[in-house]
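For the sequence shown, the positions run 7 to 244 when the numbering used here is used. Have a look at the structure below, then the notes.
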Amino acid sequence: MPLNGLDGPSGADPLPALFPVPDTAPPDVVTRSARGPAAAVRAEEPEEAGRQLVFFGAETADPSVADLAGLLAGPAEVVRMGGTARLSVVVDAAWRVHVLVSELGQRGLSATWEPTDDERHAVRTSYTRTLKPLAVAWLDGVAKRPPAGFHLTGRRLRLWLAAAGVAEPPGFLLRLGAADHHCWEPVGRALAAVGLAGDLVGPDAGGPAYRITGRRRLRRLAELVGDRPAAAPPPAWP
């Protein structure tokens, strides 16, 4: 089902249905409380005057193909073919498809999606030379491994959360690739380096995932990933 990633589907194939349909009106400016989800406030109110961009936050840099390392920190996969590469990820909700197709389009990457046999959605890019450096950095043979010096930024975390972040009060889960055992430890160190030290949840306990808990860490996560995308349900975003 081809999509162009910018203006919606090409041809007659629509994105998976959302319910409720996201509001297309300009979103309210928000500030985030340390006690829970973001609380909407109007731009003219005093709280907004004191809001500052967070260093490495999603709002401090332009979208880049390098941001897709955030998807690879989670359950995404990358494969090479000749001088090209393709990134793919299976997600569990239609809103994630909408957000990821939009995010990929912002980086000049066309995407397709299709339903899976287990009622999830597979999102994948086209094979492109643009993704070859990412694949070279992350692949050891066919195995996925974070490159030396791997780190997380707000935009990388935003993509990871959009693909595989799950609200699990009183915390938040960032899901990992089930077969990516060699990635789990370095990804955990990268989380800790940006103030998001989490507990590794094993497969037997509902993982693999990192669980982020604590008022300060959850506020930090919300600051880094930026405002909720219109397609994302409010409870699904920190």
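Where a beta carbon is used, it is the ideal one built from N, C-alpha and C, also for glycine. Keep in mind it's a predicted model, so treat the numbers as computed, not measured.
Here DSSP, grouped into helix, strand and coil, assigns SER108 to helix. In this structure, ASP205 sits away from ARG195, with a CB-CB distance that is not shorter than 8 Å. Taking each of LEU74, GLY213, LEU197, LEU230 in turn and checking the Cα distance to THR136, the smallest one comes out for LEU74.
Residue pairing by DSSP puts ASP146 in a beta bridge opposite ALA149. By the C-beta criterion, the stretch 169–185 is judged to be in contact with the stretch 212–227, since at least 3 inter-stretch pairs fall below 8 Å. Proximity to SER70 across GLY201, ALA149, LEU115 peaks at LEU115, based on C-alpha coordinates. As computed with DSSP, GLU191 is found in no beta bridge at all.
Shown here, GLU174 sits in a strand according to DSSP, grouped into three states. In chain order, ALA196, ALA199, VAL200 place their CB closer than 8 Å to the CB of HIS157, counting only its own chain and leaving out the 5 sequence neighbours on each side. Its Cα nearest to that of CYS189, the residue PRO153 stands out among PRO153, PHE178, ALA203. Exposed is the label assigned to THR122, since fewer than 16 other Cβ atoms lie within 10 Å of its Cβ. Here GLY111 is not near ALA169, since their CB atoms are 8 Å or more apart. For THR90, the three-state secondary structure derived from DSSP is strand. In the assembly as shown, PRO241 is an exposed residue. Its beta-carbon has fewer than 16 other beta-carbons within 10 Å. Inter-residue distance for GLY171 and ARG164 is about 9 Å (C-alpha atoms, whole angstroms). The stretch 131–147 and the stretch 88–97 touch, with three or more beta-carbon pairs separated by less than 8 Å.
When the five nearest sequence neighbours on each side are left out, the beta carbons in the same chain lying within less than 6 Å of the beta carbon of ARG126 are those of VAL96, ASP98, in order along the chain. No Cβ-Cβ contact shorter than 8 Å links TRP144 with LEU77. Taking the CA atoms as reference points, LEU179 sits about 14 Å from ARG225. Under the 10 Å beta carbon count, GLY177 is surrounded by 16 or more other beta carbons and is classified as buried.
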